[in-house]
Amino acid sequence: MDLIIFDFGAVLYDIDFTRTREAMHALAGYNGVPIHFGVDKQDDIFLAVDRGEVTNEEFRAAMRTKWGFTCTDAELDAAWCALLKEPFPHAVDVVRKARRTAPVVLLSNISDLHLMHVIPQCRALLPLFDGLFLSCQTGLRKPDPEAFLYPCDIMNADPERTMLFDDSGANCEAAAAVGIVVRRVVDPYALPDMVP
1 MDLIIFDFGA VLYDIDFTRT REAMHALAGY NGVPIHFGVD KQDDIFLAVD RGEVTNEEFR
61 AAMRTKWGFT CTDAELDAAW CALLKEPFPH AVDVVRKARR TAPVVLLSNI SDLHLMHVIP
121 QCRALLPLFD GLFLSCQTGL RKPDPEAFLY PCDIMNADPE RTMLFDDSGA NCEAAAAVGI
181 VVRRVVDPYA LPDMVP
């Protein structure tokens, strides 16, 4: 292997999309317009903030316009970050194990607000990576093919000698289409046995 790529949420870090949807439904002013926020379907504003195309201020304003929120910025940010739990207990050991095989990078669809929330919890995990490819910084979001090829290019890795661990079927299909070896993570607690 030339490179091992890990997804973040639901692979190394525990998340629950329903927590953010429920927290947003409970915010003051919510107008009842459906909120699409999940692993395979998201509202356009969520995609834009993941790609770093809007500032945090623009993101909050767009959510208020679409969903009528009248809450404070802090309450809105707390609802947006409600899905974030904590790193899985085995995350550090899994990345250390993978590093014995090949360089290891993180490839995540993540907004700036989510990133700022998880950094304090991941002080032992994030420094283990040889590269961090975060959608809010690169402007590339999975399952776009470029999102998978960019880390390969930067790390001088042949896609066919690159392995991806991701929970999303759409992401795994897109990565496989550009030649990457994929390992879909259905059960994150099985990950330690999946890593070479």
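Under UniProt numbering, read the sequence shown as residues 1 to 196, first letter to last. In this text, a Cβ means the ideal position worked out from N, Cα and C, and glycines have one as well. In this text, all values refer to a predicted model and were calculated from it rather than measured experimentally.
DSSP places L113 in the uninterrupted alpha helix (DSSP H) bounded by D112 to V118. In this structure, DSSP gives F59 a helical state, which the three-state scheme calls helix. Here D166 is bridged, per DSSP, to R184.
Between R183 and D2 the beta-carbon gap is near 16 Å, outside 8 Å, which marks them as no contact. If you draw a straight line from the Cα of F165 to the Cα of T18, it comes to about 23 Å.
Pairwise C-beta distances place the region 86-94 out of contact with the region 32-51, as fewer than three of them are shorter than 8 Å. A direct Cα-Cα distance of roughly 17 Å separates L27 from F46. For K41, there is no enclosing beta strand (DSSP E), as DSSP marks it with neither H nor E. When secondary structure is reduced to three states using DSSP, Y13 falls in the strand class.
Under the three-state reduction of DSSP, F148 is assigned to helix. A residue is called buried once 16 or more other Cβ atoms fall within 10 Å of its Cβ, and N31, having fewer, is exposed.
Under the three-pair Cβ rule at 8 Å, the region 48-67 does not count as touching the region 93-101. Straight-line spacing of the CA atoms in R21 and F37 works out to 7 Å.
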